[in-house]
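Shown next, in structure tokens, is the structure this report addresses.
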Amino acid sequence: MALVLVQIVLVIRGYRMNNFWIVVDTVRIPDALKQLKTVTELDTVLPLYAGSDFDYLIDQSPLLINLGSNESVLDKWRTLPLFDSSSVVITLNKNTDAYELLNHLQNLLSVSIDQTAFLFRFYVNSIWEQVASELNEQDIHTILGPASGLYWVDGSQQIHSFHQQSTSDKENAETPYRLTSSIFKQWV
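Under the numbering used here, think of the first position of the sequence shown as 31, with each following residue one higher.
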């Protein structure tokens, strides 16, 4: 009985062993780091464009920032000025390497829709307000990659999200990523 109870507790804790990572547009919110430091301790800060095809724009790079594992950070994030239009939060298992997430998000910047290349500014909330309800499972899997969920805030400061149960195998991810939901085909 005690062994079963320990296993159940470990499963529950494992479920909650996520870190919240924010991707924030620092052109739109130049003082993003300063604002975020008022609501939580920042563990890791990585420029999204570093080492990518957009490295030459490093001064304008969005930042990928580890906000820690406390879910209360979501309520604090949604009330920060301008964050409702220029950031998303991603949940990532604590055991997943931050650079795996960084590499995935860098690959997500340039996607293919109907064989046409697009700059995909996935960290802009308005995109998700338009497309989230129309995403097919394949695109959710492609967009999230090693992450389990993506959160954004609407203009009324309400948090929305989509999730996947199992994360994708980075070994089999073909780049450029292809998005196939019919909503994206309207962009072509």
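Ideal Cβ placement from N, Cα and C applies to all residues, glycine included.
When C-alpha distances from H193 are compared across L122, T126, Y153, the shortest belongs to L122. Residue environment analysis places I88 among the exposed positions, since fewer than 16 neighbouring C-beta atoms fall within 10 angstroms of its C-beta. Across the structure, L138 and N125 are spaced so that their CA atoms are roughly 21 Å apart. A Cβ-Cβ separation of about 20 Å leaves P176 out of contact with L104 under the 8 Å criterion. Non-local beta-carbon contacts of Q65 in its own chain, meaning distances under 8 Å to residues more than five positions away in sequence, involve I59, L110, P111, F113 in chain order.
Three or more pairs of CB atoms, one per stretch, sit closer than 8 Å, so the stretch 69 to 79 contacts the stretch 95 to 103.
Put simply, the backbone Cα of L135 is about 24 Å away from that of Q188. Per the coordinates, the alpha-carbon of F148 lies some 19 Å from the alpha-carbon of V53.
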